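To start, the structure under review is shown below, and the notes come after it.
4 protein chains.
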Amino acid sequence: MCAKKIVGVLGATGSVGQRFILLLADHPDFELKVLGASPRSAGKKYVDAVNWKQTELLPEFAKNIIVTECKADAFKDCSVVFSGLDSDYAGSIEKEFKEAGLAVVSNAKNYRREVDVPLVVPIVNPEHLDLVGQKLDAAQKAGANRPGFIVCISNCSTAGLVAPLKPLVDSFGPIELLTATTLQAISGAGFSPGVSGIDVLDNIVPYIGGEEDKMEWETRKILGSLSSDNTTVVNLPDEDMKVSAQCNRVAVSDGHTECISFKFKNQPPPSLEQVKKSMQDYVCVAGKLGCHSAPKQTVHVLEQNDRPQPRLDRNRDNGYGVSVGRVREDPVLDFKMVVLSHNTVIGAAGAGILIAEILLAKNYI
Amino acid sequence: MCAKKIVGVLGATGSVGQRFILLLADHPDFELKVLGASPRSAGKKYVDAVNWKQTELLPEFAKNIIVTECKADAFKDCSVVFSGLDSDYAGSIEKEFKEAGLAVVSNAKNYRREVDVPLVVPIVNPEHLDLVGQKLDAAQKAGANRPGFIVCISNCSTAGLVAPLKPLVDSFGPIELLTATTLQAISGAGFSPGVSGIDVLDNIVPYIGGEEDKMEWETRKILGSLSSDNTTVVNLPDEDMKVSAQCNRVAVSDGHTECISFKFKNQPPPSLEQVKKSMQDYVCVAGKLGCHSAPKQTVHVLEQNDRPQPRLDRNRDNGYGVSVGRVREDPVLDFKMVVLSHNTVIGAAGAGILIAEILLAKNYI
Amino acid sequence: MCAKKIVGVLGATGSVGQRFILLLADHPDFELKVLGASPRSAGKKYVDAVNWKQTELLPEFAKNIIVTECKADAFKDCSVVFSGLDSDYAGSIEKEFKEAGLAVVSNAKNYRREVDVPLVVPIVNPEHLDLVGQKLDAAQKAGANRPGFIVCISNCSTAGLVAPLKPLVDSFGPIELLTATTLQAISGAGFSPGVSGIDVLDNIVPYIGGEEDKMEWETRKILGSLSSDNTTVVNLPDEDMKVSAQCNRVAVSDGHTECISFKFKNQPPPSLEQVKKSMQDYVCVAGKLGCHSAPKQTVHVLEQNDRPQPRLDRNRDNGYGVSVGRVREDPVLDFKMVVLSHNTVIGAAGAGILIAEILLAKNYI
Amino acid sequence: MCAKKIVGVLGATGSVGQRFILLLADHPDFELKVLGASPRSAGKKYVDAVNWKQTELLPEFAKNIIVTECKADAFKDCSVVFSGLDSDYAGSIEKEFKEAGLAVVSNAKNYRREVDVPLVVPIVNPEHLDLVGQKLDAAQKAGANRPGFIVCISNCSTAGLVAPLKPLVDSFGPIELLTATTLQAISGAGFSPGVSGIDVLDNIVPYIGGEEDKMEWETRKILGSLSSDNTTVVNLPDEDMKVSAQCNRVAVSDGHTECISFKFKNQPPPSLEQVKKSMQDYVCVAGKLGCHSAPKQTVHVLEQNDRPQPRLDRNRDNGYGVSVGRVREDPVLDFKMVVLSHNTVIGAAGAGILIAEILLAKNYI
């Protein structure tokens, strides 16, 4: 058996960073050795630097790691660096890391729209990672140093949306129109301060800055394809995936619920049973590759009429499985259904871990 | 000044009944004298029969009223009887009351789909009450006794939906397609037991039995018109108002939030500014008639990007005004926006009171 | 009828400041003319400077007031200045205002422990305001300018606690021992950011910085008395009021619930009925003085076994009345009971308004 | 290795029954084969009879078990029968089972106060189970059939309370006085209907029927001792454990928080450090016996000033460990602290499983 790959985390004291640490405890492939945070935290033991607010205890292995600043040099032994940096800092730091030849898997939004940066929901479009493989090959052929790269994790609500769409598009062709109304959990907003209590107690906030635009744009990139030379991602054209999103913040800790309706480009559309079967039968590539965190069931199609519910269903497959319910015909478009995904797992840190597992399985790290 | 009209309440101990009582305390037009409830409560003082669970105290006037059974004879002096009966009982009781010549304004669903029963959101379609006027006229001409009648209050989520649609349809013609995802408060479900706490704490239930069908059907009746002889309501045809609803129960006490998108039949559609102005300028008939409970502003068009919010906006115009926000163009249909309405006021008991005020203003009671 | 007194608000854009503005809209005694806030807001119209987050709309009269900096000169026409300043700023600003001869009623904690500053719960110890009267008299006799002064509003959880204790101590002598466990609402913590949503959703935080000490100390001052020459407040000695508090933050928007048990110094203690009657019969001085905001019933003694509840009972007497329930004998101390008070009314801004009304009734402003 | 013991569950479709089933999935000692429920469910497959509302999926093994009525004969092969029956039914059914020679571990309250029925919190007083051993011995000596017996699980809020008290009483002698205010989760009340959503949304209910009396009484039994002949439980006398409880229902899904203060009979009391060390060092007997579910750490003494919190700390040791925080001196009694325990694990079904593991380790089943 091979030694575990050494990995690091940027933004280690933040909410996404804490999740990365939890998910890397006892990981069979990765050994977390380097924790980067702000200069204020650098030099301290992690246990002293962090305000740990997870439902599981801070893993023993991480307690005494001395936090370092977010400089590439300190991470030079890392096969992958997971970034939970705030977007205010992620731009320059991730660029520095990439230029230093490091592999960065980032939860920040900064580079998601770059055509040569894969935007990956690991249970949906791992083939976009071949853009990385192409870069590595090209460098090797050119006798150049191993190049660094950035892979972006998608927006959390987008991740939940595209998971059930992937098998549908693969089986039945483009989705011409799609409306999505989200009921989003507060954990995605972090906790210092995150969403204010008074905003979600007996209340709904019908607005999340930038979120609707992310859903409408990222969906077209994730469901797009690589150019023939594997050097860029080609988004789906607008007429093959026109999304309209309405995003709400609600009093749920974890788990984004999305009520969606959609219309296929090819008419007549498939039958209701075909739609359900397509999602239920979908096996993601990560599963086929034997990745540790891959869900056993990628999309759970529930038949009870009051499911999925976030408190009951968000932890399917440790949060890597997506649940779909109330699949039914829609009087306005073709079909409507409810989608539930775990926003901090498949929608954030967890996705990063599974992306790294795929990179490893494909020998890209 | 005329004496106040005597009125009664059926189902007086339930949650809708309690709301009727609160709204009738110190009412300038009505004097509540008769309270009907189940045989278990009959014969007791109201204060001893009820488990009062309102944020305002049980009004003094109601405390010592002796609860009666729901028999028409006990209500024979009532100009209007407000029914908060559960649908299990409403069918036969309301029929008996009507046949006894009484005017019933009912929150129950039982008679909403009868073609000769007006289904009224008082800030939207009070003209449907002229069906009552026609009956009264016909009886008078025939020398018959004054006939009883039933007027139905709409479903709560439908009420919020149609309020902003009314001026749009009046100004710009039919809405061909409309999708609505609701985030509904728990107060509408009553409290014994109502919605279970474990279902809404850190959770969403993406299903409310019968609700989606009600929204899809009732909208077409409320926005429909009377037949030329005023004897029946003619629903909008499906092609002039095709609604698709997805209904969710969320952890909000009062106030239904609805994320809607819609497309006009007449293309090109009006401009965004025309849409907003149409709603903002709308003055409901109840206001013109000088009804006591009519909202000063029927539809509030909010410009802040994170409004309306149920905790902050549900009490506009004592719950009789509806708030609309985030009105914007929609990439899939024409426009999308967020609608907030107070489910126990304009969506239930409050609507009943305002319907009665209109009946009075029109001399139908 | 006299002209209304001109008043001002410091910290006008914050959560306490917003509450002051709401309570001063249409006030019969006061006319709010000056709004002070940070230099960032100064110079703007209030409507443009504030992120208004109240359940009632921003009153028209306040919208176009130009916000000023918190300098005494701008407030020189004010008979009273209400301070909702954060304690980081309140110290120096309130001192400047006092030295400029202004009357300050402050919600900040900075001066609460000064022996010559009254700490007042207006339904409990308005007689402590005679310390102000003494200062005014002394200055007048000395031919000096009218002196400024500061009156402090108590901590919110202390306010609820002392209201029912006042009649008990007056009737039955000192309370030797008292334990209080609070379940405190989040509105007291403001909203930018205030309490984080993730801290109160499906959760309790068993700690509020400084709160327990405030309850244990302030109670002794509020229930203490003035020195014989009316120049200082003499706290109750520890043996006449030993308080132990445990403070928790819970998912309630408004209304602090406190479970208390206590033992009288004089034994045997009064009977349960005497205790209840004493609280029920209590009439606060503000009521006798005819103050506009004084509660009709100061302490509501509820007999239903599951009351008081914050959602149902916090608005008694517009939040100026305190509710007490489950009064019963205690196997460890003498009695135990549940106390509910509205933290932003009698526990904060509302108290300030009623203090000013008392100052006016006593001709101290 | 021995074969697993066959066990059954009574009340299998209820909330406690569902928890028993989850905890028995893949249990190393027990194999769940018999599920008893009401006649309405009997004859159906469990998956068809139950409205499964747990966060984990219904275990495969249980799906196809045919539900039986709650008759002893159907359970005759069971070494232990876990009862999650409602108290309306538990009395007669559990009696029948006991008389049929079966071992019943019950969550119902019916037999808790019988002097010859052990009332056991397994991390606190497993030695009370020797009362069962005595019965078995006596029967064996008498040549009688193996007798059935009932062991009662304690009330949920009592379980959390006594866990940290046990080492204190063992080390420092009786606790003379104790006050406890609870903030209790809603899961303990089941879900059909359980606690109504409107009662816990933005609210607290300061009353739980019978709960305070249970805490005050059961604590004295659990911390009591067996009679010298092991035939009865002798409660602590009132003067060695006088408890005053105030119980509140709050918006928390799982985990009871209790703010307690207490005074030792022996004065002077131990030091604060001694108190903390005593709890931290406590090792429960179940751990020493090697029971599968025993917590690694029985009482976690937390030093952060804002812990324990239910959402973050309730799952320590899978819910079998109890967390204590904010241990500090109390101005009224000797010490005060916050206790958190998982109400459905150590306070209900989980306790039953661990009791059975102890019975097995002691060869009583």
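Chains as they are written, first to last, in the UniProt record's numbering: chain H, 1 to 365; chain R, 1 to 365; chain D, 1 to 365; chain E, 1 to 365. In this text, a Cβ means the ideal position worked out from N, Cα and C, and glycines have one as well. Remember, it's a predicted structure, so these values are computed and weren't measured experimentally.
In the structure shown, residue 256 of chain H falls within a strand segment according to DSSP collapsed to helix, strand and coil. Fully enclosed beta strand (DSSP E) runs of no fewer than 3 residues occupy 175-184 of the stretch 154-200 of chain H, in order along the chain. Given a length threshold of 3 residues, each whole run of the beta strand (DSSP E) inside the stretch 318-350 of chain E is given here in chain order: 322-329, 335-341. Interface with chain H (8 Å Cβ-Cβ cutoff): residue 53 of chain E is included. Sequence-distant Cβ neighbours of residue 362 of chain H in its own chain, meaning closer than 7 Å and more than five residues away, are 129, 133. At a cut-off of 8 Å, the C-beta of residue 113 of chain H has no neighbouring C-beta in chain E. The stretch 25-39 of chain H makes contact with the stretch 50-68 of chain H: 3 or more CB pairs, one atom from each, lie closer than 8 Å. Taking residue 285 of chain H as the centre and dropping the five residues before and after it, the same chain places the C-beta of 126 closer than 6 Å to its C-beta, in chain order. Nearest CB-CB separation between residue 146 of chain E and chain H: not below the 8 Å threshold. In summary, no residue of the UniProt domain "Semialdehyde dehydrogenase NAD-binding" (6-132) of chain D has a CB separated from any CB of chain E by less than 7 Å. For the pair residue 10 of chain D and residue 353 of chain D, the CB atoms are not nearer than the 8 Å cut-off. Looking at the DSSP output, residue 245 of chain D sits in a beta bridge with D:180. By the rule that beta-carbons nearer than 8 Å mark a contact, residue 311 of chain E touches chain H. For residue 158 of chain D, no chain E residue has a C-beta closer than 7 Å to its own C-beta; the minimum C-beta separation is roughly 15 Å. For the beta strand (DSSP E) assignment, the uninterrupted runs of no fewer than 3 residues enclosed by the UniProt domain "Semialdehyde dehydrogenase NAD-binding" (6-132) of chain D are, from N- to C-terminal side, 30-37, 80-83, 103-106. Remark: C-beta atoms of residue 18 of chain D and residue 203 of chain E do not approach each other more closely than 8 Å. In terms of Cα proximity to residue 232 of chain D, the closest of D:264, D:114, D:249, D:158 is D:114. Here the stretch 263-270 of chain E makes no contact with the stretch 236-255 of chain D; the two share fewer than three CB pairs at distances below 8 Å. Residue environment for residue 66 of chain H: exposed (fewer than 16 other C-beta atoms within 10 angstroms of its C-beta). Sequence-distant Cβ neighbours of residue 235 of chain E in its own chain, meaning closer than 7 Å and more than five residues away, are 220, 221, 224. Within the DSSP bridge table, the entry for residue 152 of chain R names R:106, R:119 as partners. At a cut-off of 8 Å, the C-beta of residue 201 of chain R has a neighbouring C-beta in chain E.
For the C-beta of residue 183 of chain E, the chain D residues within less than 8 Å are, from N- to C-terminus, 183, 204, 248, 250. Rounded to the nearest angstrom, the gap between the Cα atoms of residue 207 of chain E and residue 82 of chain R is 34 Å. In the DSSP assignment, residue 312 of chain H falls within the alpha helix (DSSP H) that extends over 310-313. Cβ neighbours of residue 163 of chain R within its own chain (closer than 8 Å, five residues either side excluded): 121, 123, 124, 298, 299, 322, 339, 341, 346. Distance from the Cα of residue 325 of chain R is smallest, within the candidate group R:304, R:315, R:175, for R:304. Between residue 334 of chain R and residue 260 of chain R, the alpha-carbon positions lie close to 11 Å from each other. Leaving aside the five residues that flank residue 343 of chain E on each side, the residues in its chain whose CB is nearer than 6 Å to its CB run, in chain order, 156, 185, 188, 256. Contact residues of the stretch 327-344 of chain H toward chain E are absent (C-beta to C-beta distance below 7 Å). Here DSSP, grouped into helix, strand and coil, assigns residue 263 of chain E to strand.
The Cβ atoms of residue 5 of chain D and residue 365 of chain D sit closer than 8 Å to each other. For residue 315 of chain H, the residues of chain E that pass the 7 Å Cβ criterion are 55, in the order they occur in the chain. The three-state reading of DSSP puts residue 234 of chain D in strand, counting E and B together. Within the same chain, and ignoring the five residues on either side of residue 313 of chain H in sequence, the residues whose Cβ sits closer than 7 Å to its Cβ are 307, 323, 340.
Counting of Cβ neighbours within 10 angstroms places residue 43 of chain R among the exposed residues, the total staying below 16.
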